[in-house]
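In my numbering, the protein residues as written are 219 to 324.
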(Lines of atoms letter the chains of each structure in order from A; the text may use other names.)
(Lines give C-alpha, C1' and ligand atoms only; values in the text may rest on other atoms or scores of the structure.)
Protein backbone atom coordinates (compact mmCIF):
# COMPACT_ATOMS: atom_id res chain seq x y z
CA UNK A 219 0.00 0.00 0.00
CA UNK A 220 0.90 3.64 -0.21
CA UNK A 221 2.51 4.70 3.06
CA UNK A 222 1.12 8.21 2.60
CA UNK A 223 -2.38 6.73 2.93
CA UNK A 224 -1.74 4.68 6.09
CA UNK A 225 -4.33 5.46 8.75
CA UNK A 226 -6.85 7.26 6.54
CA UNK A 227 -9.46 4.61 7.29
CA UNK A 228 -9.42 5.41 11.02
CA UNK A 229 -11.29 8.68 11.44
CA UNK A 230 -12.81 10.71 14.24
CA UNK A 231 -16.39 11.91 13.74
CA UNK A 232 -19.23 12.98 16.03
CA UNK A 233 -17.09 12.39 19.11
CA UNK A 234 -16.27 8.79 18.15
CA UNK A 235 -13.52 6.92 16.36
CA UNK A 236 -14.77 5.33 13.18
CA UNK A 237 -12.97 2.60 11.29
CA UNK A 238 -14.10 2.66 7.70
CA UNK A 239 -12.26 -0.50 6.65
CA UNK A 240 -10.78 -2.56 9.47
CA UNK A 241 -8.73 -4.68 7.09
CA UNK A 242 -6.99 -1.66 5.63
CA UNK A 243 -6.86 0.28 8.90
CA UNK A 244 -4.50 -2.07 10.66
CA UNK A 245 -1.10 -2.92 9.24
CA UNK A 246 0.86 -6.07 10.01
CA UNK A 247 4.07 -4.17 10.69
CA UNK A 248 4.46 -0.86 12.50
CA UNK A 249 4.62 2.30 10.45
CA UNK A 250 7.15 4.69 12.06
CA UNK A 251 5.45 7.83 10.67
CA UNK A 252 2.59 8.05 13.22
CA UNK A 253 4.93 7.65 16.19
CA UNK A 254 7.33 10.22 14.73
CA UNK A 255 4.44 12.65 14.31
CA UNK A 256 3.09 11.83 17.77
CA UNK A 257 6.29 13.09 19.35
CA UNK A 258 5.67 16.52 17.83
CA UNK A 259 2.53 16.82 19.99
CA UNK A 260 2.39 17.63 23.71
CA UNK A 261 -1.28 18.51 24.25
CA UNK A 262 -4.04 15.94 24.09
CA UNK A 263 -7.74 15.39 24.62
CA UNK A 264 -8.49 13.77 27.97
CA UNK A 265 -11.67 12.17 26.59
CA UNK A 266 -9.76 10.57 23.72
CA UNK A 267 -6.96 9.40 26.02
CA UNK A 268 -9.44 7.90 28.50
CA UNK A 269 -11.35 6.15 25.71
CA UNK A 270 -8.20 4.60 24.26
CA UNK A 271 -6.95 3.62 27.72
CA UNK A 272 -10.28 1.95 28.48
CA UNK A 273 -10.04 -0.49 25.58
CA UNK A 274 -10.28 -4.05 26.87
CA UNK A 275 -7.91 -6.03 24.66
CA UNK A 276 -9.93 -9.23 24.15
CA UNK A 277 -13.28 -7.45 23.88
CA UNK A 278 -11.90 -5.03 21.31
CA UNK A 279 -10.38 -7.82 19.23
CA UNK A 280 -13.69 -9.66 19.25
CA UNK A 281 -15.59 -6.48 18.36
CA UNK A 282 -13.30 -5.60 15.45
CA UNK A 283 -12.59 -9.07 14.09
CA UNK A 284 -14.80 -12.03 14.84
CA UNK A 285 -12.87 -15.31 14.44
CA UNK A 286 -9.54 -13.65 13.57
CA UNK A 287 -6.97 -15.44 11.46
CA UNK A 288 -3.32 -15.60 12.51
CA UNK A 289 -2.61 -12.74 10.10
CA UNK A 290 -5.40 -10.61 11.58
CA UNK A 291 -4.13 -11.34 15.09
CA UNK A 292 -0.68 -10.10 14.03
CA UNK A 293 -2.24 -6.91 12.69
CA UNK A 294 -4.18 -6.44 15.91
CA UNK A 295 -0.98 -6.97 17.94
CA UNK A 296 0.72 -4.21 15.96
CA UNK A 297 -2.25 -1.94 16.69
CA UNK A 298 -2.18 -2.85 20.39
CA UNK A 299 1.53 -2.05 20.63
CA UNK A 300 0.94 1.31 18.95
CA UNK A 301 -1.88 1.98 21.40
CA UNK A 302 0.50 1.31 24.28
CA UNK A 303 3.17 3.56 22.76
CA UNK A 304 0.57 6.37 22.60
CA UNK A 305 -0.47 5.85 26.23
CA UNK A 306 3.16 5.73 27.38
CA UNK A 307 3.98 8.91 25.48
CA UNK A 308 1.01 10.82 26.91
CA UNK A 309 1.98 9.65 30.40
CA UNK A 310 5.53 10.92 29.82
CA UNK A 311 4.08 14.30 28.79
CA UNK A 312 2.04 14.35 32.02
CA UNK A 313 5.16 13.64 34.06
CA UNK A 314 7.08 16.35 32.23
CA UNK A 315 4.43 19.08 31.91
CA UNK A 316 1.67 18.19 34.35
CA UNK A 317 -1.84 16.97 33.67
CA UNK A 318 -3.39 20.42 33.12
CA UNK A 319 -0.87 21.26 30.37
CA UNK A 320 -1.05 17.82 28.76
CA UNK A 321 -4.83 17.42 28.74
CA UNK A 322 -5.43 20.78 27.15
CA UNK A 323 -8.62 19.68 25.40
CA UNK A 324 -11.63 17.94 26.86
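The C-beta atom is built at its ideal place from N, Cα and C for all residues, glycine as well.
Should residue i go down as buried or exposed, given a rule of 16 or more other Cβ atoms within 10 Å for buried?
{"i": "residue 247", "result": "exposed"}
{"i": "residue 291", "result": "exposed"}
{"i": "residue 323", "result": "exposed"}
{"i": "residue 308", "result": "buried"}
{"i": "residue 294", "result": "buried"}
{"i": "residue 235", "result": "exposed"}
Which residues does DSSP list as the beta-bridge partners of residue i?
{"i": "residue 234", "result": "231"}
{"i": "residue 263", "result": "323"}
Contact check, residue i vs residue j under 8 Å by CB: the rounded distance?
{"i": "residue 244", "j": "residue 296", "result": "7 Å"}
{"i": "residue 229", "j": "residue 311", "result": "Their Cβ separation, rounded to whole angstroms, is 24 Å, which puts residue 229 and residue 311 out of contact at 8 Å."}
{"i": "residue 250", "j": "residue 300", "result": "Residue 250 to residue 300, Cβ: 10 Å. No contact."}
So residue i is in the alpha helix (DSSP H); what residue range does that whole segment cover?
{"i": "residue 248", "result": "Here residue 248 belongs to no alpha helix (DSSP H), and DSSP marks it neither H nor E."}
Inside the stretch 278-303 only - beta strand (DSSP E) runs reaching at least 3 residues: none
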